[in-house]
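Chains as they are written, first to last, in my numbering: chain L, 137 to 496; chain V, 137 to 496.
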């Protein structure tokens with residue numbers, strides 16, 4: 137494990153050392169089966185145990201009530217941008233809240249399947265702000281309200297979620313699932329690509345209230361139909377077996393270190409360190425509004441674009457990788473997901489201090 | 137690598153020792169990057185090299201002409217059951233040839249998007265037969281003809297492919313891609329889930345003639361649209377990064393041992409050994425017609441269902457795993473994909489001889 141870097145990528149991103157070590161140890165011969173997990177039939181006893189254990193851990197850690205189902209699906213969160221409307225739009229109408237790039241993409245995709253009302257768009261403030269309850273009013277007769285919990289590109293995050301009453305709230309939690317305690321009962325459906333906080337690319341986790349699972353748009357591909365996914369326990373076709381196994385290992389790690397409570401404390405501590413530093417200097421300019429700041433993605437700029445580039449380059453040389461902001465917005469972005477240790481953040485701050493001194 | 141079994145699973149299935157060893161060696165720190173491949177941003181320089189190398193190797197090994205594109209997509213082959221009609225059905229009409237379970241499923245899925253003509257169905261002969269040219273006649277004014285090259289469940293395989301003239305031939309090669317030489321120019325589109333012959337679950341490879349890539353059905357999810365996949369070089373969203381990396385390693389292994397020529401010779405030798413044995417004994421009953429036999433999945437039964445179960449159980453005890461036939465048909469199935477060494481087949485035959493003697 138030596139010579140490893142601190143990987144601040146927005147996703148795919150770091151895995152905890154404990155997780156990587158277990159994957160490596162079990163690689164050739166999982167639990168005496170004589171085969172690697174990636175070689176196992178998804179219908180085998182050994183693999184079914186891995187699969188069910190991952191589901192069970194997720195249910196325990198997130199305290200997912202019995203009236204919710206857990207699906208492991210192909211296609212990432214972008215697949216869910218289509219799956220959600222194809223499955224949930226019965227009245228063919230939904231409200232979308234746009235607070236960044238991915239919520240915008242979700243809304244665009246949904247508009248292929250029904251009427252999409254954009255009830256908030258943060259474009260004017262360059263997506264530095266998360267709307268409060270009094271900035272939102274929901275349309276009549278809609279199937280659901282959709283939002284993205286954490287905006288990786290802009291570094292903003294919903295602290296509390298809007299009360300949508302009887303209307304199901306659908307939330308993309310790709311970049312902050314399992315980073316903090318949430319009450320699953322506030323949501324009709326939660327989905328997340330695994331590659332940021334809970335695993336590797338190639339799998340989406342869907343947590344859905346059972347009463348929302350019924351018929352789908354007739355043109356829904358089978359692999360995206362929630363009723364078929366339920367009927368086949370996420371094995372309508374061969375699931376992404378290895379990504380599900382890695383997810384299980386990440387969940388095991390979270391349980392072993394103390395669950396959501398511990399992860400949330402760690403994440404708050406890491407983010408506080410970085411934001412406190414940003415708030416007590418004048419070289420770097422933070423992007424997100426204070427009340428809307430993300431625990432997961434900390435975004436800021438140096439005084440110039442050239443200097444942003446120099447920052448990212450020099451950081452990489454010191455083993456602090458992937459700090460360049462998203463190509464849509466530039467600047468710097470430090471993604472500090474669950475697996476980023478506080479030492480990585482401390483080292484980043486030291487580097488920032490040094491870089492600021494040299495370039496002031 | 138000790139205590140490993142011979143895994144005869146129909147998929148996911150065995151990987152070559154050389155492949156597993158490289159994955160294990162490079163696990164924590166790929167090529168001095170300081171990170172595991174599964175932690176890498178799909179947009180990083182290191183990962184783009186892995187991605188492009190995999191594509192390049194596939195093009196070389198299969199001799200894919202320039203007028204064809206290669207896509208790596210989410211959703212497995214079952215995702216393609218929908219993607220093919222959603223993208224290719226302009227006239228809303230296609231011919232499907234049913235020679236087994238997966239071609240039937242493909243036809244059912246396609247019928248959601250247009251008129252599907254079943255021009256052959258092997259139901260009467262319990263899918264033991266692959267039709268010859270004079271058993272097929274194609275409909276007028278269709279978008280494509282679809283077939284499944286190898287039928288894992290029944291153990292049959294197309295030796296040559298029908299000449300469809302100007303009509304694009306679309307082929308599901310999930311269970312025999314890269315097992316033998318084919319001429320890509322005979323096909324409009326080839327697709328394959330990777331988990332049988334070329335990698336692990338969670339990725340579909342699509343090889344498509346460029347002129348077939350155009351508009352899609354307006355309800356096609358973005359992740360399934362071929363034109364968007366082309367425009368974004370298979371990175372419209374985060375691709376299944378680790379499965380693509382494993383695919384690249386399998387392709388490297390194939391190139392290093394001598395390419396398709398060597399793999400095909402090995403596969404013919406393995407299958408010949410097993411079929412020759414079956415043809416010179418009377419205890420086991422082979423399922424597929426001689427002229428339709430698969431190089432990849434060898435299917436047979438013992439004299440009774442109870443004995444089938446005893447066979448699979450006892451074989452497992454001797455490190456010959458997953459020989460139980462598919463739950464739809466029962467019996468025994470030995471899947472001997474690219475990664476199965478001839479020693480595995482030899483050991484299986486010894487076991488079969490012994491079992492037959494004991495139970496005659």
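For each residue, glycine too, the CB sits at the ideal point set by N, CA and C.
Can you name the start and end residues of the beta strand (DSSP E) that residue i belongs to?
i             : result
residue 471/L : 468-471
residue 282/V : 280-284
residue 136/V : Here chain V comprises residues numbered 137 to 496, so residue 136/V is not present and cannot be evaluated.
residue 229/L : 229-234
residue 326/L : 325-329
residue 341/V : 340-345
residue 433/L : 433-437
Any beta carbon from chain V within less than 9 angstroms of residue i's own beta carbon?
i             : result
residue 148/L : yes
residue 328/L : no
residue 454/L : no
residue 394/L : no
residue 160/L : yes
residue 249/L : yes
residue 442/L : no
residue 282/L : no
residue 345/L : no
residue 164/L : yes
residue 372/L : yes
Between which two residues does the alpha helix (DSSP H) holding residue i run?
i             : result
residue 251/L : Taken as a continuous stretch (DSSP letters only), residue 251/L belongs to no alpha helix (DSSP H), being part of the beta strand (DSSP E) at 251-257.
residue 452/L : 441-453
residue 478/L : 478-495
residue 307/L : No alpha helix (DSSP H) contains residue 307/L, which is instead part of the beta strand (DSSP E) from 305-308.
residue 242/V : 237-246
residue 302/V : Careful: residue 302/V lies outside any alpha helix (DSSP H) and carries neither H nor E.
residue 474/V : No alpha helix (DSSP H) contains residue 474/V, which DSSP labels as neither H nor E.
residue 217/V : 212-224
residue 377/L : 377-393
residue 365/V : 362-367
residue 193/V : 181-198
residue 157/V : 153-161
Under 9 angstroms, do residue i and residue j count as touching if we go by C-beta distance?
i             : j             : result
residue 480/L : residue 187/L : no
residue 226/L : residue 251/L : no
residue 258/V : residue 235/V : yes
residue 264/L : residue 424/L : yes
residue 233/V : residue 272/V : yes
residue 452/V : residue 444/V : no
residue 266/V : residue 294/V : yes
residue 359/V : residue 327/V : no
residue 362/L : residue 207/L : yes
residue 484/V : residue 496/V : no
residue 433/L : residue 286/L : yes
residue 111/L : residue 173/L : There is no way to answer for residue 111/L, as the model of chain L reaches only from 137 to 496.
residue 573/V : residue 198/V : Absent from the model: residue 573/V. The displayed extent of chain V is 137 to 496, so no value can be given.
residue 395/L : residue 436/L : no
residue 249/L : residue 377/L : no
residue 409/L : residue 482/L : yes
Return no unless some Cβ of chain L is closer than 9 angstroms to the Cβ of residue i.
i             : result
residue 168/V : yes
residue 224/V : no
residue 279/V : no
residue 176/V : yes
residue 214/V : yes
residue 422/V : no
residue 355/V : yes
residue 375/V : yes
residue 469/V : no
residue 245/V : yes
residue 427/V : no
residue 180/V : yes
residue 121/V : The requested residue 121/V does not occur in the structure, where chain V is confined to residues 137 to 496.
**Q.** Touch test, the segment 448-462 of chain L against the segment 137-150 of chain L, Cβ-Cβ under 8 angstroms, three pairs minimum
**A.** yes
Q | Selection of the segment 378-390 of chain L by Cβ proximity to chain V, strictly under 8 angstroms | A | Of all residues in the segment 378-390 of chain L, those with a C-beta nearer than 8 angstroms to a C-beta of chain V are 378, 379, 382, reading in chain order.
(Q) Using a Cβ distance threshold of 8 angstroms, determine whether the segment 209-216 of chain L contacts the segment 330-348 of chain L, with at least three qualifying pairs required. (A) Yes, the segment 209-216 of chain L touches the segment 330-348 of chain L.
Q: Take every Cβ of the segment 164-171 of chain V, pair it with every Cβ of the segment 277-288 of chain V, and state whether three or more of those distances are shorter than 8 angstroms.
A: no
(Q) Check whether the segment 465-477 of chain L and the segment 420-436 of chain V touch, using three or more Cβ-Cβ pairs below 8 angstroms as the test. (A) Result no; under three Cβ-Cβ pairs closer than 8 angstroms.
Q: Using a Cβ-Cβ cut-off of less than 8 angstroms, list which residues of the segment 306-323 of chain L approach chain V; keep chain order.
A: none
Q) What residues in the segment 333-344 of chain L have a beta carbon less than 8 angstroms from any beta carbon of chain V? A) Residues passing the 8 angstroms Cβ filter: 336, 337, 338, 339.
Q) Taking Cβ-Cβ distances below 7 angstroms as the criterion, which residues of the segment 355-369 of chain V are in contact with chain L? A) Hits within the stretch, in order: 355, 357, 358, 359, 360.
Q. Between the segment 405-422 of chain L and chain V, which residues of the former have CB atoms less than 9 angstroms from a CB of the latter, in chain order?
A. none
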